[in-house]
Each structure stands twice: as C-alpha cells, then as structure tokens.
Amino acid sequence: MKHLPKHLRPRWRYLAVHVETWPDADFDRRDFQRSIWFAAQNLLGDAGSADADLKVLQFEFEEGVGEAIVRARHGHADEARAALACIDEIRGDKIGLRVAGISGTVRACEEKYLRGGGQIPDERKVVFEDAPRSAVERDGLLDVRTDGAFAGATELDFE
Numbered sequence: 152m153k154h155l156p157k158h159l160r161p162r163w164r165y166l167a168v169h170v171e172t173w174p175d176a177d178f179d180r181r182d183f184q185r186s187i188w189f190a191a192q193n194l195l196g197d198a199g200s201a202d203a204d205l206k207v208l209q210f211e212f213e214e215g216v217g218e219a220i221v222r223a224r225h226g227h228a229d230e231a232r233a234a235l236a237c238i239d240e241i242r243g244d245k246i247g248l249r250v251a252g253i254s255g256t257v258r259a260c261e262e263k264y265l266r267g268g269g270q271i272p273d274e275r276k277v278v279f280e281d282a283p284r285s286a287v288e289r290d291g292l293l294d295v296r297t298d299g300a301f302a303g304a305t306e307l308d309f310e
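In the numbering used here, the protein residues as written are 152 to 310.
Following this line, the structure appears as structure tokens:
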C-alpha cells in the first residue's frame with residue numbers, strides 16, 4: 152500500500168507535559184492515557200475528542216515526578232491543553248499537570264521542553280510536628296510523610 156502524499160497526511164502538534172504528585176502515587180502510562188481520554192470526552196464530547204485524537208507517545212514517571220509527550224491533531228492544541236487542565240487525579244492519586252510547551256515534532260518537543268526539566272528528588276530526615284520524619288525534597292519544596300500520607304512543606308516550616 153502506498154503512502155499518502157505529504158499534503159494529505161494528518162498534521163500533529165506535540166505537547167510536553169510535566170507531571171507532579173505525591174511520591175507514593177502509583178500509576179502508569181495506560182492510566183494516564185485513560186485519564187486524558189475521559190477528560191477530553193467529558194470536555195469536548197465524543198465528536199470533539201475523536202477530532203482532537205489525543206495520544207500519549209512517551210511517558211516517564213517515578214517518585215512523584217514525570218514527563219510525557221501528548222500528540223494532538225493540528226488545530227486542536229488548545230482543546231488538548233484544556234482537557235489536560237481538567238485532570239486532577241489518576242486512580243485516586245491527586246495530580247498536577249503543566250504543559251511546558253507545544254512543538255511541531257517529537258524531537259523538538261524533547262529538546263526544548265523535556266529531559267532535565269524535572270529535578271531528581273532527594274530523601275532526607277526532618278523534624279515535623281515535633282517528631283522525626285522522612286521527607287522527599289524537590290525544587291526547594293518538601294513532601295513530609297505523616298501517618299501514611301504526605302504533607303507539603305517548605306524550609307520555613309522546619310526549625
């Protein structure tokens with residue numbers, strides 16, 4: 152079967168997405184893709200979500216931080232951003248998504264907006280609520296483990 156001529160091929164835009172959540176969150180690429188589909192369908196409707204055709208091409212997630220590349224049809228990047236903004240949890244884990252940028256190729260998306268944008272978290276011991284606890288540090292912020300959950304804190308919260 153022959154390929155379509157270049158002017159008839161679909162054109163795409165690639166969104167670089169930074170993912171942040173609590174360090175104990177557990178979900179994978181499939182869960183992330185499913186959340187994007189549901190958010191797009193709820194926001195844009197069946198026809199709009201099929202038109203935008205959102206797909207996760209790359210996904211890396213570890214210890215509460217990650218990156219993804221989401222593909223959307225040309226002309227539907229704004230709808231894709233809006234659908235991503237509607238996602239606030241995946242499999243019961245609260246999540247924060249930030250679109251770092253939009254590009255016309257996967258390679259440009261990786262080089263401009265991903266790879267090294269997220270800092271590798273460090274584990275350290277802190278005293279919080281008059282008790283020694285473990286905390287995960289990222290970008291000057293600390294996620295302190297408290298009785299099976301996490302609490303967000305900054306350096307000013309510790310003495």
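Note that the Cβ used here is the ideal one computed from N, Cα and C, for glycine as well.
All values derive from a computational prediction rather than experimental measurement.
With contacts defined by Cβ atoms closer than 9 Å, Ala228 and Arg162 do not form a contacting pair.
Under the three-state reduction of DSSP, Asp229 is assigned to helix. Setting aside the 5 residues that flank it on each side, Ala302 is surrounded in the same chain by Val295, each with a C-beta closer than 7 Å to its C-beta; the list follows chain order. The DSSP-derived three-state label of Arg185 is helix. Residue burial annotation: Ser200 is buried, with at least 16 other C-beta atoms found within 10 angstroms of its C-beta. Within the same chain, Ala167, Glu218 come within 6 Å of Leu265 by CB-CB distance, once the 5 residues on both sides are set aside. With a cutoff of 9 Å on beta-carbon distance, Phe212 and Asp179 are scored as near each other.
Bounds of the beta strand (DSSP E) holding Glu211 are 206 to 213. The shortest C-alpha to C-alpha distance from His169 to any of Gly255, Val250, Lys157 is the one to Val250.
Closest by C-alpha distance to Asp239, out of Arg232, Ala231, Leu248, is Leu248. Where Lys276 is concerned, the enclosing beta strand (DSSP E) starts and stops at 273 to 279. Cβ-Cβ distances below 7 Å link Val277 to Arg284, Ala286, Leu293, Val295, Phe309 in the same chain, with the five nearest sequence neighbours on each side left out; the list follows chain order.
Excluding residues up to 5 positions away in sequence, Val250 lie with their Cβ nearer than 6 Å to the Cβ of Arg232 in the same chain. Closest in C-alpha terms to Arg224, from the list Cys237, Ala236, Glu214, Val207, comes Val207. Exposed is the label assigned to Leu155, since fewer than 16 other Cβ atoms lie within 10 Å of its Cβ. Residue state for Ala176 is assigned as coil, using DSSP reduced to three classes.
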